[in-house]
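Participant: The structure's right below; bear with me while I get my questions together.
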Amino acid sequence: MKFVSGLVEAMGFEATTSLQSNGTELDVVVNGQQLGLLIGPGGRTLLSIQNLARVAAQRRLGDHDTRLRVDVAGYRARRKAALEEFAAKLVADVKTSGVSRALEPMPSVDRKIIHDALSGVDGVSSRSEGDDPYRRVIVSPASTGDS
Numbered sequence: 108m109k110f111v112s113g114l115v116e117a118m119g120f121e122a123t124t125s126l127q128s129n130g131t132e133l134d135v136v137v138n139g140q141q142l143g144l145l146i147g148p149g150g151r152t153l154l155s156i157q158n159l160a161r162v163a164a165q166r167r168l169g170d171h172d173t174r175l176r177v178d179v180a181g182y183r184a185r186r187k188a189a190l191e192e193f194a195a196k197l198v199a200d201v202k203t204s205g206v207s208r209a210l211e212p213m214p215s216v217d218r219k220i221i222h223d224a225l226s227g228v229d230g231v232s233s234r235s236e237g238d239d240p241y242r243r244v245i246v247s248p249a250s251t252g253d254s
């Protein structure tokens, strides 16, 4: 948490940071006003901060099993809701058109949200293809045999 709070301060933001621990999972939560720069386009800056914080925590703790997540001003919950809403619209589009849709490349956490949102939906299937950082989700009508 010191790493994240120090980074936030060094970037000139006034924010509070808190740490929540659940066994092998650590959640660092940053709250304040106008923290969009910490999130970045599509959450990419936030993912970078999280990766740096994870490496710093693993070195400090000597523990490579602990998962560390960083959230800024509730961004992760808002992003999840937006992706689930997008997935619902995508289902309607793919079912109506009968044509597969390839989404823009996205981080693994976002791809998982899309896959989870589509997993219980009849009539469509999803898969990921490509290599990071260009890996993307393909949503297809289920009748095409894609899975």
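Numbered per the numbering used here, the sequence shown spans residues 108 to 254. Every residue, glycine too, gets a C-beta built ideally from N, C-alpha and C.
1. So, at 6 Å on beta carbons, what are the nonlocal neighbours of Gly252 in its own chain, with the 5 sequence-adjacent residues on each side left out?
2. With respect to 7 Å, is the separation between the Cβ of Arg185 and the closest non-hydrogen atom of the ligand ADP below this value?
3. Would you mind working out which of Pro212, His222, Leu225 and Ile245 sits nearest Asp239, comparing C-alpha positions?
4. Which residues in the same chain as Val206 place their Cβ atom closer than 8 Å to its Cβ, once the five residues preceding and following it in sequence are excluded?
5. Between Val94 and Val137, how many whole angstroms is the CB-CB distance? I'm expecting something under 8 Å.
6. Mind checking which residues open and close the alpha helix (DSSP H) that includes Leu168?
7. Figure out for me which residue from Leu168, Arg161 and Ile245 has the closest Cα to the Cα of Val177.
8. Spatial neighbours of Ile146 within its chain, please: CB distance less than 7 Å, with the 5 preceding and 5 following residues excluded, ordered by chain position.
9. Residues in the same chain with beta-carbon distance under 6 Å from Ser235, minus the five sequence neighbours each way, listed in chain order, please.
Facilitator: This is what the structure gives:
1. Summary for Gly252: the model assigns pLDDT 48, below 50, so the residue's position carries little reliability; its value from the coordinates is reported in the next sentence. None.
2. Annotation note on the ligand ADP: not contained in the displayed structure, which lists no ligands.
3. Pro212
4. Pro248
5. This structure does not reach residue 94, given that the chain is present from 108 up to 254, and the question cannot be answered.
6. Arg151 to Leu168
7. Arg161
8. Thr152, Leu153, Val179 and Tyr182
9. Arg218, Arg242 and Val244
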